[in-house]
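Accompanying notes for the structure given below.
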Amino acid sequence: MGENESSVPSPSQQDKKMAYHKVNADQRAQGHSPYLDNDELQATALELEWDMEKELEEPGFDHFQLDGAVQHHLGNSQSPDLDLEPIQPSSSPKGRFQRLQEDPDYISHYTRQAPKSNRCSFFQILKVFCTALILFIFGILIGYYARKKCASPSPSQEPNNAHTYHEILKEIKAEHIQQIYRDLLQFPREDDVDIAMKILVQWRSQGLEDVRLVNYSVLLDLPGSSSNTVTLKNSGECFYPSGQQCNRETKTLHSQDLLYSYAAYSAKGTLEAELVDVQYGTVADLIRIQAITNVTKKIALLKLGQSPLLYKLSLLEDAGFGGVLLYVDPCDLPKTTDLTDKAFMVSLNGGGDPSTPGYASIDGSYRQNRLNLTTLLVQPISAVLAKKLISLPEDTVQKDRCIPLQWPAAGKKIISLNIQSVTTYKTISNVIGYLKGTVFPDRYIIIGSHHNSLNIYSGQEWASSTAIITAFIQALTLKVKKGWRPDRTIVFCSWGGTLFGNIGSYEWAEDFKRVLQRNVVAYLSLHNPVTGNSTLHPVASPSLQQLAAENSSFLSEALFPVHATKTEELDPSFSLHETIAKLTGQVTLQIANEPVLPFNALDIALEVQNGLKGDEADIPQLLAVASRLRDTAELFQSDEMRPANDPKERAPIRVRMLNDVLQSLEKSFLIHRAPPGLYRNILYRLDERTSQFSVLLEALEHCKLHQSNETIQAALSEVLNSINSAQVYFKAGLDVFETTLAGKK
1 MGENESSVPS PSQQDKKMAY HKVNADQRAQ GHSPYLDNDE LQATALELEW DMEKELEEPG
61 FDHFQLDGAV QHHLGNSQSP DLDLEPIQPS SSPKGRFQRL QEDPDYISHY TRQAPKSNRC
121 SFFQILKVFC TALILFIFGI LIGYYARKKC ASPSPSQEPN NAHTYHEILK EIKAEHIQQI
181 YRDLLQFPRE DDVDIAMKIL VQWRSQGLED VRLVNYSVLL DLPGSSSNTV TLKNSGECFY
241 PSGQQCNRET KTLHSQDLLY SYAAYSAKGT LEAELVDVQY GTVADLIRIQ AITNVTKKIA
301 LLKLGQSPLL YKLSLLEDAG FGGVLLYVDP CDLPKTTDLT DKAFMVSLNG GGDPSTPGYA
361 SIDGSYRQNR LNLTTLLVQP ISAVLAKKLI SLPEDTVQKD RCIPLQWPAA GKKIISLNIQ
421 SVTTYKTISN VIGYLKGTVF PDRYIIIGSH HNSLNIYSGQ EWASSTAIIT AFIQALTLKV
481 KKGWRPDRTI VFCSWGGTLF GNIGSYEWAE DFKRVLQRNV VAYLSLHNPV TGNSTLHPVA
541 SPSLQQLAAE NSSFLSEALF PVHATKTEEL DPSFSLHETI AKLTGQVTLQ IANEPVLPFN
601 ALDIALEVQN GLKGDEADIP QLLAVASRLR DTAELFQSDE MRPANDPKER APIRVRMLND
661 VLQSLEKSFL IHRAPPGLYR NILYRLDERT SQFSVLLEAL EHCKLHQSNE TIQAALSEVL
721 NSINSAQVYF KAGLDVFETT LAGKK
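Counting from 1, one number per residue, gives the positions in the sequence shown under my numbering.
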């Protein structure tokens with residue numbers, strides 16, 4: 001989130017030193033990062049937020065912006081990386097001449113040397129006058145051209161931000177996005193670095209000057225030379241993941257569809273065991289299954305959906321299963337989608353390079369031997385193959401009603417699962433471009449998408465998101481050429497290695513962890529922006545829930561192969577792409593330019609209280625601290641955010657301090673380690689069906705499965721400490737503001 005700092009008319013000397021020291025220390029701590037801290041860039045983020053408001057036009061606002069720019073430069077004075085032009089008192093000849101005129105010693109100094117004759121004295125005075133006049137005119141000319149050349153394009157030069165946004169966004173046109181999209185798909189199927197380089201060249205051609213590649217050598221799990229197989233031991237029939245028999249159409253054995261139908265980072269080898277239908281693999285499903293059979297080393301037939309795959313696999317692994325066949329039930333797919341005969345790819349990587357967990361994959365990093373991320377042999381299969389394995393007829397639709405796939409009451413199948421994939425180190429590249437802000441260049445808004453080089457999986461969605469970002473870059477740079485720049489820095493990112501567990505973005509974040517933690521404002525994701533043509537489902541962090549509603553679906557964990565025309569079939573006119581681009585642009589501009597960040601403290605407090613609904617979590621201590629948090633948040637919102645948003649009451653130093661607080665609103669709710677597949681931010685719900693804290697729900701389920709309350713006690717403690725930390729954080733912010741006011745008085 002962004003921040004602001006300036007001085008009030010007469011704060012106490014101690015307060016002024018504290019405020020300056022905080023900003024100055026922030027800038028020194030950035031160090032000399034080769035990518036984030038230089039004289040051309042700066043940027044990062046947390047989540048998503050926006051709110052349309054009119055630009056503040058009062059006279060006091062112009063003064064505020066100027067003060068903010070001056071103070072910000074001073075705060076960065078110790079960092080050679082930020083090349084902000086200082087705002088200094090005039091040193092023009094005109095200024096010097098005016099000071100000479102006001103100096104009584106100046107006239108006496110020259111009159112003492114006056115010649116004896118009046119005629120000579122007259123010429124001497126005339127000479128001084130002419131010299132002064134020339135200097136005066138010369139000073140005006142220097143001042144005029146210096147101002148014209150070096151004037152800082154601060155937001156105060158724009159009389160109306162809403163008008164500026166409109167001028168930028170009107171340049172985003174559907175036909176431009178479509179052309180960029182088609183150009184991207186013309187790239188030959190090359191490796192990650194080549195595709196990233198071509199995106200870099202394209203962004204530069206649109207006018208984005210500061211663009212670079214950031215490369216990491218990471219451990220990838222790639223398909224072997226032949227497809228994985230599933231064999232029915234009773235009949236000896238062998239099937240590929242798509243459901244076609246191994247002895248038919250052997251010419252397609254090495255096709256990309258078959259080779260890339262696998263689970264990256266699965267255990268490898270062959271397992272022969274009984275197949276057990278576990279449905280969605282919920283705790284209730286496992287309790288039911290374990291009550292009737294021993295599941296040790298057996299193979300689970302598992303549906304995607306209802307909860308994160310990694311979480312369900314962790315439950316199956318703990319239960320003792322040896323393998324898993326994954327599929328998507330046709331009843332869980334839209335009626336317009338037919339993927340029953342398609343296998344797919346999944347990644348079992350929770351994030352980042354598996355060989356460098358928690359730290360960046362840079363030269364010299366220790367590489368851990370983590371070829372498999374689970375002991376389970378995991379294989380995705382098509383719904384067609386799932387039906388064959390449980391001996392169901394092909395057609396499961398009766399009278400317009402879809403019947404979910406389920407194992408018959410009687411029946412037992414022994415299968416042999418063969419999985420062969422290859423782990424190898426490869427270079428993946430991120431494309432990072434910067435549009436540097438003028439007022440707060442050390443506060444970053446990131447817009448991210450991804451690029452793929454996985455052949456059949458690199459079809460459209462990456463090109464859709466990259467085309468949208470490129471079109472937005474084009475619109476922004478047109479305005480930049482006219483002298484405009486955002487207040488805060490905007491960073492454009494195209495991530496590599498996304499399909500293997502968001503490796504590119506994770507490694508970059510680990511590489512610049514300290515900078516991002518301190519300077520992040522918001523992260524806007526354009527991953528897979530157009531998936532249909534009916535409803536818009538934006539997702540936002542809790543502090544911005546007034547602006548978006550969550551709509552998570554764990555079916556998106558399955559990456560189906562797609563044909564090259566799918567995107568243009570969904571949006572032939574690219575009008576949906578234009579809408580998404582303009583919405584993203586409006587959000588970005590709002591966050592990048594508004595003096596007060598549009599984050600809502602009270603919404604977080606309300607989210608906390610909603611997360612405690614339910615009899616299981618009805619703990620007095622939790623309810624009490626949640627109530628205190630709400631009271632403090634209401635006071636914070638009314639006493640601090642309201643006057644900051646009113647230009648008549650706005651004090652620059654208070655706005656800067658307020659943005660400091662807003663920037664870190666949700667950090668109190670980050671836990672050190674979350675269950676597999678769950679968010680570290682305990683406020684983030686798994687889906688829209690429930691408002692309870694996911695970490696508490698998971699702990700309750702875990703207790704049912706293991707007949708122990710140890711897990712729930714630990715989870716309750718995590719939640720209690722998080723809520724209390726947030727309340728203390730808000731209270732400390734209020735105390736700082738009160739101290740500042742006292743110093744001012």
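All C-beta atoms in this analysis are idealised placements derived from N, C-alpha and C, irrespective of residue type, glycine included.
Whole-Å CB distance - residue i paired with residue j, under 8 Å assumed
i, j, result
"L435", "L208", "7 Å"
"S465", "L526", "4 Å"
"N228", "Q474", "Contact doesn't hold; Cβ gap of about 43 Å is too wide."
"V521", "Y425", "V521 to Y425, Cβ: 34 Å. No contact."
"P354", "L219", "5 Å"
"G224", "V384", "Not quite, the Cβ-Cβ distance comes to about 23 Å (not below 8 Å), so this is no contact."
"I390", "P408", "7 Å"
"I415", "T231", "6 Å"
"S261", "A343", "3 Å"
Where residue i falls, given that 16 or more other Cβ within 10 Å makes a residue buried
i, result
"G733", "buried"
"I712", "buried"
"G322", "buried"
"Y506", "buried"
"E753", "Lying before the first or after the last residue shown, residue 753 is absent from the chain, which here runs from 1 to 745."
"Y366", "exposed"
"Q751", "Because the chain spans 1 through 745 in this model, residue 751 falls outside it and cannot be assessed."
"C493", "buried"
"N349", "buried"
"L133", "exposed"
"G504", "buried"
"L82", "Bear in mind that the predicted position of L82 carries a pLDDT of just 32, short of 50, making it too unreliable to give a figure here."
"I137", "exposed"
"N519", "buried"
"A43", "Reliability of the predicted coordinates at A43 is poor, the pLDDT of 33 falling under 50, and the value obtained from them is presented with this limitation in mind. Buried, since its Cβ has 16 or more Cβ neighbours within 10 Å."
"N593", "buried"
"R654", "buried"
"S235", "exposed"
"T489", "buried"
"V736", "buried"
Cβ shell of residue i (< 6 Å), same chain only, five flanking positions each side left out
i, result
"T427", "V193, N215 and S217"
"L658", "E640 and A644"
"A264", "D221, S347 and F500"
"L683", "P542, E607 and F669"
"C331", "C402 and P404"
"T486", "For clarity, residue 486 is Pro in the given sequence; the question names Thr instead. Closer than 6 Å at the Cβ level, and outside the excluded window around P486, lie G437, A592 and N593."
"E718", "I671"
Of the residues the options, the one placed nearest residue i, counting alpha carbons only
i, options, result
"V431", "C703, T470, D660 and G281", "T470"
"N528", "V520, V539, A522 and N519", "V539"
"E461", "K482, T531, D353 and G433", "T531"
"N418", "L478, V324, W407 and A475", "V324"
"I447", "N234, K170, L662 and W495", "W495"
"Y327", "N369, L302 and T337", "L302"
"Y181", "T270, A522 and D571", "D571"
"R630", "K648, I604, P598 and P652", "I604"
"T171", "P676, G585 and L705", "Here residue 171 is Glu; the residue named in the question, Thr, does not match the sequence. Residue G585 is the option with its Cα nearest to E171."
"L536", "T374, A581, I287 and V211", "A581"
"L309", "I287, K335, T337 and Q279", "Q279"
"V276", "T293, K198 and D511", "T293"
"N600", "Q692, L678 and Q637", "Q637"
"H451", "V719, I468, N369 and T632", "I468"
"L705", "M197, N234, L286 and P652", "L286"
Own chain residues within Cβ distance below 7 Å of residue i, not counting five before or after
i, result
"L333", "L339"
"K173", "E578"
"C246", "T229, C238, F239 and Y240"
"A509", "L516"
"L259", "P223 and S227"
"Y165", "Q586 and L589"
Cβ-based neighbour list, residue i, same chain, cut-off 8 Å, excluding 5 preceding and 5 following
i, result
"V376", "Checking the sequence, you will find Leu at residue 376 rather than Val. The answer, listed in chain order, is S266, A267, L313, L316, E317, F321, G322, G323 and V324."
"L716", "A617, I619, L622, L696 and A699"
"V480", "G207 and L435"
Problem set entry | In chain order, each beta strand (DSSP E) run of at least 3 residues that lies wholly inside the segment 362-431 | Taking only runs of at least 3 residues, the beta strand (DSSP E) segments lying wholly in the segment 362-431 are 377-380 and 414-419.
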